[in-house]
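To start, the structure under review is shown below, and the notes come after it.
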C-alpha cells in the first residue's frame, strides 16, 4: 500500500507528465499551424493579390492589405473547420479586410486618377481615335479592368472579383454569406456596370 | 431587402437581354486578363515571421504597460515602508498607480473586445468594423483624459518639489509639458482622423 508522501510524489509526477505532454502538443500544434499557414499563403498568394488589386490601387497600400490579410488568416487558422474549403475560407478573410478598407476611406481616387492619366497618355500615343477596350494591349486592359472594378459598389466589387477568379456561384455565396440567387443578381448588375465603364460594347 | 434587390434586378435583366449576351461574350476575355495579372511574389517565410512579430509586438506593448504599473506599485510600497520619500513624491506615486491601473484595466477591456470581434463571423463586416472604430475612439479619449490628468498631477508635483528643494525646475517643467502637449496633439490628430473614417463607414452601412 502507498503512503501519503508516495501518493503526493505519484500525483506530482502525473501532473508534470500532463504539463509536459501539453507543452509538446502545443509546440506540435504551433509547428503544424506554421506549415499550414505557409502552404495556404503560397497556394493562394495569387488569388489574394488579384483580389486586393480590385479594391486598392496604390502598391504600398496593397502590400499593407496583403499583410493585414495574412495576419487575419494566421489568427483565424486554429478555428478553421476541416469540412470547409480552404479557398473560400481564405477569400472570406480577404474580403473582410478589403470591405473594411473600402468603407474606411476613399483612398483609391487619387491613385485611380493617376492610372487614368497614364492610360490616357498611352492611348493618345497609340491612336488619336477613341480606343476600344479590345484594342488596348494586355497590360493596359488589366489596368483598365482593375480600375473599373474599383469604381463599382462594394457589393458588386465583391462578387465580380471572386467571379473573375473563376469561383462558382455557390463558392461566392459561401465567401460572402449570401444566397446563390443574390450572387447571380449582384453579378449581373456588376457585369452591366463594368461593361459601361470599360466601354466593351 | 433581398427580395427587393432580386425583383429590381429581374427588371434590369429583362430589359437588357442583348447586353447580357454581349457581356457573356466578353466575360471570358475579361477573366483571362484578370487571371493573368502579374504580381510581386513575396517570401512567405519572411511574411510569416513578420506576421508573428506584429502579434508579438501588440502583446508586448500590453505586457510592458502591465510591468510598468507593477513597478510603480512596488516602488510606492517601498516608499511607504521605508519612509524615505517626501509626501509630494508619495502623493505623486499614488496618483500614478491609480491612473495606471485604470488605464490598464480599460486597455484590456477595449483590446479584448477588439480581439473578440476579429474572431467573429464575417457576415456583417462593416458593422463589426464600426464597433472596432468606436472602441478605438474610446481608447484615444482615454489617452487624452490620462494626459490631462498627468498634466495636472505632474505640474503640481514639480511645483511642490520646487518649494521643498529650492532648485530651479523650469527645464524639467518645460520638457514634461512639451512632451504632454505632443502626446495630446498626437492623440487629437488620430481622434479627428478616426472620426472622419467612422463617419464615412457609417454612410457605407446605411447604403
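Chains as they are written, first to last, in my numbering: chain A, 1 to 201; chain B, 1001 to 1207. Cβ atoms here follow ideal geometry from the backbone N, Cα and C, with glycine treated the same way. Keep in mind the model is a prediction, meaning the values are calculated, not measured.
Residue i, DSSP secondary structure in three states
| i | result |
| --- | --- |
| residue 1032 of chain B | helix |
| residue 167 of chain A | coil |
| residue 47 of chain A | helix |
| residue 1197 of chain B | helix |
| residue 1163 of chain B | helix |
| residue 1132 of chain B | helix |
| residue 56 of chain A | coil |
| residue 1138 of chain B | helix |
| residue 1144 of chain B | helix |
| residue 177 of chain A | coil |
| residue 14 of chain A | helix |
| residue 1037 of chain B | coil |
| residue 1092 of chain B | helix |
| residue 1085 of chain B | coil |
Contact with chain B by residue i, beta-carbon distance below 8 Å
| i | result |
| --- | --- |
| residue 71 of chain A | yes |
| residue 100 of chain A | yes |
| residue 193 of chain A | no |
| residue 152 of chain A | no |
| residue 157 of chain A | no |
| residue 145 of chain A | yes |
| residue 164 of chain A | yes |
| residue 103 of chain A | yes |
| residue 82 of chain A | no |
| residue 170 of chain A | no |
| residue 183 of chain A | no |
Minimum Cβ-Cβ distance from residue i to chain A less than 8 Å
| i | result |
| --- | --- |
| residue 1002 of chain B | Confidence in residue 1002 of chain B is poor, its pLDDT being 41 and thus under 50, which makes the residue's placement unreliable; the coordinate value appears in the next sentence. So, interface residue. |
| residue 1071 of chain B | no |
| residue 1030 of chain B | yes |
| residue 1026 of chain B | yes |
| residue 1126 of chain B | yes |
| residue 1129 of chain B | yes |
| residue 1015 of chain B | With a pLDDT of 45 at residue 1015 of chain B, under the threshold of 50, the modelled position of this residue cannot be trusted; read the value that follows with caution. Output row for residue 1015 of chain B: interface = no. |
Near the ligand PLP: residue i beta-carbon under 7 Å from a heavy atom
| i | result |
| --- | --- |
| residue 70 of chain A | You won't find the ligand PLP in this model; it holds no ligand whatsoever. |
Where the alpha helix (DSSP H) containing residue i begins and where it ends
| i | result |
| --- | --- |
| residue 1051 of chain B | 1044-1082 |
| residue 66 of chain A | 59-76 |
| residue 81 of chain A | Looking at the DSSP string, residue 81 of chain A is not in any alpha helix (DSSP H), and its letter there is neither H nor E. |
| residue 138 of chain A | 138-150 |
| residue 188 of chain A | 180-198 |
message: Closer than 9 Å between beta carbons: that is the criterion. Which residues of the region 1034-1054 of chain B meet it against chain A?
response: 1034, 1035, 1036, 1037, 1038, 1039, 1040, 1041, 1042, 1044, 1045, 1047, 1048, 1050, 1051, 1052 and 1054
message: Beta carbons nearer than 8 Å to chain B: which residues of the region 30-57 of chain A have them?
response: 34, 37, 38, 41, 42, 45, 46, 49, 50 and 53
task: Residues of the region 1131-1143 of chain B with a CB closer than 7 Å to any CB of chain A: list them in chain order, please.
output: none
- prompt: In chain order, what residues of the region 1179-1190 of chain B put their CB closer than 9 Å to some CB of chain A?
  reply: none
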